[in-house]
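**Q** Supplied in C-alpha cells, the structure appears directly below.
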Amino acid sequence: MADTLIASFTKRFPRATIRGELNQPALRHTVTVLFGPSGCGKTTVLRCLAGLETPEEGTIRFGSETWFDAAHRIRLTPQQRGIGFVFQDYALFPHLTVAGNVGYGLGQMSAAERRKRVHELLERFDLTAQSAQHPSQLSGGQQQRAALARALASRPRLLLLDEPLSALDAALREQLRGELRHLLAACEVPVLLVTHDREEALVLGDELMVMSDGVVRQTGPVLDVFNRPADAEVARIVRVENLQPGRVISVSEGLATIEVGTARLIGLATSTAASDVWVSIRGEEVVLQRDGSVTSSVRNSFPARVVAVHPGSPLARVELDAGFPLFAFVTRPACEDLDLRPGVTVTALIKAPAVHLVPRSG
Amino acid sequence: MSACTTLVLLAIGLPLAYWLSQTRWRGKFLIEAVVALPIVLPPTVLGFYVLMAIGPLSPLGQLYESLFGHRLPFTFQGLLIASVLYSLPFAVQPFTSGFAAVDRRLMEASWCLGVSRLRTFWRVALPLAWPGVLTGMVLSFAHTIGEFGVVLMIGGNIAGQTRTVSISIYDEVQALDYAAANQTSLVLLLFSFAVLAVTYGLHRSFIQVWPTR
C-alpha cells in the first residue's frame, strides 16, 4: 500500500502568494513533475514539502503522518521527514570527498555498515573511480549522480528534485535527460521533480502538475495534460502550438463540428455544453500532404497556404494559413519532399481525436 | 592573557556570529551595532562601564565576591571580561563574514539528510567558515596584546599580573626611559605587522577580512 502525499497550504511572500495543492499517491517508480514558468512558485512548493519553508496556512500529510499543520502548530523539521532533496546546483559539500558526501547522512550506522552502503551507492551511480575526489573535480553529470546518491543513501521515502538539469549546459542537459530517467526509475522511490523545461517534463515525468501564478492548474498523466490542457492558461504553459478560439456548431455521435476562423474542424465532443471553446491542436499532430488523396480515418482535411517555414532541429515549424493560423511540425526531409516554401498550398490533415476542445468563458 | 581572551571570544563569538549570519530577524542590526560599539567607543568609556558593572557595588560584582571570595576589578579575571568585550567586534565580524560566505543551501542539504542543526554547524558551517574564524582569532589575539585604556581602567598596573605590553611602554615613557620604550614598541609593532601580514596573506584568496556589507 503506497503512501499518499496530500498537501494544501498557502505561503505568503511580500509580492506573491503561493498555493500548494497536491494529492499524489506516492508510488514507487512514479516521477511526478511540477511544471511551470520560472517564478511561478514551484520551488517554494518543493521547499515547503521538505520543511525548508514554513507555510502560513494549511496542512501537509504523508501517509498517516502529519508533516505540517498550521492550525495545530505541527511542523516537522526537515530531519524528521525522511526525504531526499536534490538541490538545483546539487549543494555537494565542497570540503568532503564524493564518498564523504554520500556517507554524510549515515551517521547512525556503524562504520562498517556505512562503508558498505556508500560502496554500494558509488557502484550503482558509477562513481567508484571518483570516490576520493572532491566535488570541484567532478563533471556536471558526475556531480548530479553524486547528489542523487547522497540523497538516496539513507533510503528516503520521497525524493524531491529542484530543477535537476538546469545547472548543466544545453548539450549535456540533453544527454543526461535520458540517463536521469533511468536513474530515477531504478531508485524505487516516489519522485517529485520541479522543472520549467518542457522537454524535461515530457522525458522525465509520469505524472504532470502544471503550475502558474502560485496555483496548481492541472494534474494528470503527462501526455494527457499535454494533449488535453484543462484551460487556455495550461495550454499556453505546456506550449500547445495551436490554440484558437472556436465555436461548436453541432454535436453528433460524440463528434463536434467547430467553426474556427473561416474553417470547420471535427473534434471529439466534450461533456461541457459551452459553444465557445478553445481549439487546441499539437503541432506534431498536423500532417501536411502535397496532393488531396486522403486516408479515410482522418476527419479533417483542408487546404492550407504556407506562410513561413521556421527551420529548427529536429523539426521545422511551418506556419500556415488554413482560414485560421495553423502551426505544424515537419521533419526536414519531408520539408524538402513537399517543397514547402511561402505561397505553396498543401493539404493539412488532422485526426479528430487530436482536435481538443477547452471550454472558453466569456 | 591574549590566548585566554581569544579562547573566550571563540566560545562566545562563534555562536553569536553564526546566529547573526543565519537569522532573518529584523532587529538583527541592533545586535550588530552593540557588537561593533567597542570600535568607536573610547576604551576608557568601555572600561568605566565594565568597572561599574563588575565592581563591589553592582549585583554582578557582589555575586562574584560571594562566590569566589575576592573582588573582580584589578584581577586577571576582571581584566579578561573587559578585554573580551573590547575585542568582541574584532572576532565577531570576521566570524560572521566567514559564516555568511557558506552557501545556505549546504546547510539545508545537511538538514534534509537528517543531520541535526548542531551537528550541521560542526560538520559543514565551521569547516567551511574556517578562514573567517582563523582571521577573527588572529585579529582579536593581536588586538588584545596592544590594548591599553581598558586595561588601565580595570586591571590597574600590577607587575606580572595585570601589566600588559602597552602599559609597560607607558610606564617606560613616564620614567623617561626612551630606549626601553622604543624597544618594547618596536617589538609590538613588528609583532602586529607580522600577524596581520600573515592573516591577510593567507586569506587573500579565500575571504575578505571585513564584510563588504
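Protein chains in written order, with my numbering: chain C, 1 to 362; chain G, 1001 to 1213.
C-beta: ideal position from N, C-alpha, C; glycine also.
Being a predicted model, the structure only gives us computed values, none of them experimental.
Tell me the rounded alpha-carbon separation between Y1178 (chain G) and E1172 (chain G).
**A** Translated into the one-based positions of the second sequence, residue 1178 (chain G) becomes position 178. Translated into the one-based positions of the second sequence, residue 1172 (chain G) becomes position 172. About 7 Å.
**Q** Whose CA, out of C:E174, C:A186, C:A304 and C:L357, lies closest to the CA of S313 (chain C)?
**A** The count along the first sequence starts at 1 and reaches residue 313 (chain C) at position 313. For the residues C:E174, C:A186, C:A304 and C:L357, the minimum Cα distance to S313 (chain C) belongs to C:E174.
**Q** Can you find a C-beta in chain G that's less than 8 Å from the C-beta of A50 (chain C)?
**A** As a first step, residue 50 (chain C) must be located in the first sequence, where it is residue number 50. Closer than 8 Å: yes.
**Q** Strictly below 7 Å CB to CB, what residues from chain G border R247 (chain C)?
**A** Counting from 1 along the first sequence, the entry for residue 247 (chain C) is found at position 247. Simply none; closest approach about 51 Å.
**Q** Along the alpha helix (DSSP H) that carries L243 (chain C), what are the first and last residues, could you check?
**A** The residue you call residue 243 (chain C) lines up with position 243 of the first sequence. First-last for L243 (chain C): N242 to S252, but that is the beta strand (DSSP E), not the alpha helix (DSSP H).
**Q** Name, going along the chain, the residues of the segment 1108-1134 of chain G whose beta-carbon falls closer than 8 Å to a beta-carbon of chain C.
**A** Of all residues in the segment 1108-1134 of chain G, E1108, A1109, S1110, W1111, C1112, L1113, G1114, V1115, S1116, R1119, R1123, V1124, P1127 and L1128 have a Cβ within less than 8 Å of some Cβ in chain C.
**Q** Can you name the start and end residues of the alpha helix (DSSP H) that T43 (chain C) belongs to?
**A** Residue mapping note: residue 43 (chain C) aligns to position 43 of the first sequence, counting from 1. Residues K42 to A50.
**Q** Which chain G residues sit within Cβ distance under 9 Å of R61 (chain C)?
**A** Residue numbering aside, residue 61 (chain C) sits at position 61 when the first sequence is read from its first letter. By Cβ distance, chain G contributes nothing, its closest Cβ being about 19 Å from R61 (chain C), past 9 Å.
**Q** Compute the Euclidean distance between the alpha carbons of Q1174 (chain G) and A1181 (chain G), then round it to the nearest angstrom.
**A** Here residue 1174 (chain G) refers to the residue found at position 174 when the second sequence is read from its first residue. Here residue 1181 (chain G) refers to the residue found at position 181 when the second sequence is read from its first residue. The alpha-carbon atoms of Q1174 (chain G) and A1181 (chain G) are separated by roughly 10 Å.
**Q** If we call anything under 8 Å between Cβ atoms a contact, is V203 (chain C) one with R177 (chain C)?
**A** In the first sequence, the residue the question calls residue 203 (chain C) occupies position 203. In the first sequence, the residue the question calls residue 177 (chain C) occupies position 177. It is a contact, given that the beta carbons lie within the stated cut-off.
**Q** Give me the residue from C:D69, C:P94 and C:N101 with the minimum Cα distance to L148 (chain C).
**A** Numbered from 1 along the first sequence, position 148 holds the residue referred to as residue 148 (chain C). With distances taken between Cα atoms, L148 (chain C) lies closest to C:N101.
**Q** State the Cα-Cα distance for the pair A316 (chain C) and L46 (chain C), rounded to the nearest angstrom.
**A** Here residue 316 (chain C) refers to the residue found at position 316 of the first sequence. Here residue 46 (chain C) refers to the residue found at position 46 of the first sequence. Straight-line Cα distance between these residues: approximately 36 Å.
**Q** Please say whether L183 (chain C) and V277 (chain C) have beta carbons closer to each other than 8 Å?
**A** As a position in the first sequence, residue 277 (chain C) is number 277, starting the count at 1. As a position in the first sequence, residue 183 (chain C) is number 183, starting the count at 1. No. Outside cutoff.
**Q** Would you say H95 (chain C) reaches chain G, if we count a Cβ-Cβ gap shorter than 8 Å as a contact?
**A** If you number the first sequence from 1, residue 95 (chain C) lands on position 95. At least one chain G Cβ lies under 8 Å of H95 (chain C).
**Q** Using alpha carbons as the reference points, say which of C:G103, C:D206, C:T66 and C:E57 lies closest to T4 (chain C).
**A** On the first sequence, residue 4 (chain C) is found 4 positions in, with the first residue counted as 1. Of the candidates C:G103, C:D206, C:T66 and C:E57, the one whose C-alpha sits nearest the C-alpha of T4 (chain C) is C:T66.
**Q** So, is the C-beta of I18 (chain C) closer than 8 Å to a C-beta in chain G?
**A** Here residue 18 (chain C) refers to the residue found at position 18 when the first sequence is read from its first residue. No, I18 (chain C) does not count as interfacial toward chain G.
**Q** How many Å lie between R1119 (chain G) and S64 (chain C) at the Cα?
**A** Looking up residue 1119 (chain G) in the second sequence gives position 119. Looking up residue 64 (chain C) in the first sequence gives position 64. Taking the straight line joining both Cα atoms gives about 29 Å.
**Q** Along chain C, which residues have their Cβ under 7 Å away from the Cβ of L1106 (chain G)?
**A** Residue numbering aside, residue 1106 (chain G) sits at position 106 when the second sequence is read from its first letter. Here the neighbours are A91 and F93.
**Q** In the structure shown, what three-state DSSP assignment does G1069 (chain G) receive?
**A** Locating residue 1069 (chain G) in the second sequence gives position 69, counting from the first residue. If DSSP states are grouped into helix, strand and coil, G1069 (chain G) belongs with coil.
**Q** Any beta carbon from chain G within less than 8 Å of T77 (chain C)'s own beta carbon?
**A** Taking the first residue of the first sequence as 1, we reach residue 77 (chain C) at position 77. Yes, T77 (chain C) counts as interfacial toward chain G.
**Q** If the cut is a Cβ gap below 9 Å, which residues of chain G does R150 (chain C) touch?
**A** Numbered from its first residue, the first sequence carries residue 150 (chain C) at position 150. Result: A1109 and L1113.
**Q** Relative to the C-alpha of M209 (chain C), which residue among C:A185, C:T44, C:S38 and C:V234 is closest?
**A** Position 209 of the first sequence, counted from the start, is the residue given in the question as residue 209 (chain C). For M209 (chain C), the nearest C-alpha among the options comes from C:V234.
**Q** For the alpha helix (DSSP H) holding Q175 (chain C), just list the boundary residues, first then last.
**A** Locating residue 175 (chain C) in the first sequence gives position 175, counting from the first residue. It spans A170 to A186 - the alpha helix (DSSP H) in which Q175 (chain C) sits, taken as one unbroken run.
**Q** Let me know the secondary structure DSSP gives R239 (chain C) once reduced to three states.
**A** Walking along the first sequence from the start, residue 239 (chain C) turns up at place 239. Reduced to three states, the DSSP call for R239 (chain C) is coil.
**Q** Identify the contact partners of D1171 (chain G) in chain C, using a Cβ-Cβ distance below 9 Å as the criterion.
**A** Here residue 1171 (chain G) refers to the residue found at position 171 of the second sequence. Result: empty, since nearest Cβ-Cβ is about 48 Å, beyond 9 Å.
**Q** What is the DSSP secondary structure of K351 (chain C), reduced to helix, strand or coil?
**A** What you label residue 351 (chain C) is simply residue 351 of the first sequence in a count that begins at 1. K351 (chain C) falls in the coil class under three-state DSSP.
**Q** Which residues share a DSSP beta bridge with L34 (chain C)?
**A** Indexing the first sequence from 1 puts residue 34 (chain C) at position 34. Paired residue(s): C:V194 and C:M209.
**Q** Using a threshold of 8 Å, state whether the C-beta atoms of L1088 (chain G) and V1035 (chain G) are closer than that.
**A** What you label residue 1088 (chain G) is simply residue 88 of the second sequence in a count that begins at 1. What you label residue 1035 (chain G) is simply residue 35 of the second sequence in a count that begins at 1. For L1088 (chain G) and V1035 (chain G), yes; Cβs fall inside 8 Å.
**Q** On the criterion of 16 or more Cβ atoms from any shown chain inside 10 Å, does S139 (chain C) qualify as buried, or is it exposed?
**A** Taking the first sequence and counting its residues from 1, the one referred to as residue 139 (chain C) is at position 139. Its Cβ having fewer than 16 others within 10 Å, S139 (chain C) is exposed.
**Q** For I83 (chain C), decide whether its Cβ has a neighbour in chain G, counting only Cβ atoms nearer than 8 Å.
**A** For the purposes of this step, residue 83 (chain C) is taken as residue 83 along the first sequence, with counting starting at 1. Yes, its Cβ sits closer than 8 Å to a Cβ of chain G.
**Q** For my contact list, K351 (chain C) and E285 (chain C) are in at a C-beta cut-off of 8 Å; report their separation, rounded to the angstrom.
**A** The residue given as residue 351 (chain C) occupies position 351 in the first sequence. The residue given as residue 285 (chain C) occupies position 285 in the first sequence. Confirmed, Cβ separation roughly 7 Å.
**Q** Assess, as a yes-or-no matter, whether the segment 212-226 of chain C is touched by the segment 326-345 of chain C under the definition of 3 or more beta carbon pairs within less than 8 Å.
**A** Output reads no: the segment 212-226 of chain C does not touch the segment 326-345 of chain C.
**Q** Show which residues of chain A have a CB atom less than 8 Å away from the CB atom of S154 (chain C).
**A** In summary, chain A is missing from the structure at hand, where the protein chains are C and G.
**Q** Given that G107 (chain C) touches chain G, what residues does it touch there, using C-beta distances under 7 Å?
**A** Position 107 of the first sequence, counted from the start, is the residue given in the question as residue 107 (chain C). Correct list: V1115.
**Q** Can the beta-carbon of L243 (chain C) be found less than 8 Å from the beta-carbon of L255 (chain C)?
**A** Translated into the one-based positions of the first sequence, residue 243 (chain C) becomes position 243. Translated into the one-based positions of the first sequence, residue 255 (chain C) becomes position 255. Cβ atoms of L243 (chain C) and L255 (chain C): not closer than 8 Å.
**Q** Say whether chain G places a C-beta atom closer than 8 Å to the C-beta of P14 (chain C).
**A** The residue labelled residue 14 (chain C) in the question sits at position 14 within the first sequence. No, P14 (chain C) lies away from the interface with chain G (no Cβ there is under 8 Å from its Cβ).
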